Amino acid sequence: MEKNALPSILRKREYKLEIENERKDILQMIIDGKDKDIIDTKLKIIDRKESIYPRLERAFPGYFGQVMFSSYKPFLDDELEDKNKKYFDIYIEYLDNLPELELTNKEKEYIESTSSSIDMNLLDKINSDKVEAIDNLEDWFNENEDIIKEYDRFIKSDEYQKSPIKNIKDKIKNFMLENKYYEIAIPLIRKFSPKYDNYYNKLLAANEKFISLKDD
Numbered sequence: 000m001e002k003n004a005l006p007s008i009l010r011k012r013e014y015k016l017e018i019e020n021e022r023k024d025i026l027q028m029i030i031d032g033k034d035k036d037i038i039d040t041k042l043k044i045i046d047r048k049e050s051i052y053p054r055l056e057r058a059f060p061g062y063f064g065q066v067m068f069s070s071y072k073p074f075l076d077d078e079l080e081d082k083n084k085k086y087f088d089i090y091i092e093y094l095d096n097l098p099e100l101e102l103t104n105k106e107k108e109y110i111e112s113t114s115s116s117i118d119m120n121l122l123d124k125i126n127s128d129k130v131e132a133i134d135n136l137e138d139w140f141n142e143n144e145d146i147i148k149e150y151d152r153f154i155k156s157d158e159y160q161k162s163p164i165k166n167i168k169d170k171i172k173n174f175m176l177e178n179k180y181y182e183i184a185i186p187l188i189r190k191f192s193p194k195y196d197n198y199y200n201k202l203l204a205a206n207e208k209f210i211s212l213k214d215d
């Protein structure tokens, strides 16, 4: 085991424990004689998670794959309609053919060291807060305006422009563009998950609103 991969390994174990607990809950539902359709739906949700998680973590090693999975997880808990199953299958096939994001050992060490205090529960909370912020953007902006301004100043600074995280973010962005993730993967997710499609539309509207609030 690589020492610098320990935080990601721990998060992966947290994810596996969560899945194990969900399966135990389903087993108890079976013992209690709960409705078979409900049980089948919950099993399919677990199967979708277990289809997506390892593929994202392979293509985006460690922390970034876990961040991506966490951002999609809230939209995987609905029953997949028959008409949308083909889009899920195409998305899985796309992930299977997605190459691995190449990072240097130094970049991997930097990512793992800076993410060492972040667990899967925190990632889930960050994403739930993000969804909530989109529904209440103006209140969120007013509460965080000073932080937003400070962040804007930071990303324009020489310190940030020369930092490892800037290079890593640029590498990820180029990887996504080269592999047409935004053109292929995102539309597929929107098609198999109506909940994600609704969120995505809100995200687009919120982005325009956010820009207008910053410009005021």
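Residue 215 is where the sequence shown ends in numbering that gives the first Met the number 0, and the numbering goes up by one at each step.
Where is the CB? At the ideal position from N, CA and C, for every residue including glycine.
Computed from a prediction, not measured in an experiment: that's the story for all the values here.
> Smallest Cα separation from Asp118: which of Lys213, Glu101, Phe63?
Replying inline: Phe63
> So, are the CB atoms of Phe209 and Tyr86 less than 8 Å apart?
Replying inline: no
> What's the gap between the Cα of Lys35 and the Cα of Glu207?
Replying inline: 44 Å
>> For Arg12, count the other beta carbons within 10 Å of its own beta carbon; 16 or more makes it buried, fewer makes it exposed. Which is it?
In response: exposed
>> If the criterion is Cβ atoms closer than 8 Å, does the pair Phe59 and Met67 meet it?
In response: yes
>> For a test of the three-state rule: what should DSSP assign to Thr103, helix, strand or coil?
In response: coil
>> Going by DSSP in three states, Asp77 sits in which element: helix, strand or coil?
In response: coil
> Using the C-alpha atoms, what's the distance from Asn96 back to Tyr180?
Replying inline: 12 Å
> Mind pulling the alpha helix (DSSP H) runs of 4 or more residues that sit fully within the region 20 to 68?
Replying inline: 35 to 58
>> Let's see if you can read the secondary structure: which residues bound the alpha helix (DSSP H) around Glu131?
In response: 119 to 134
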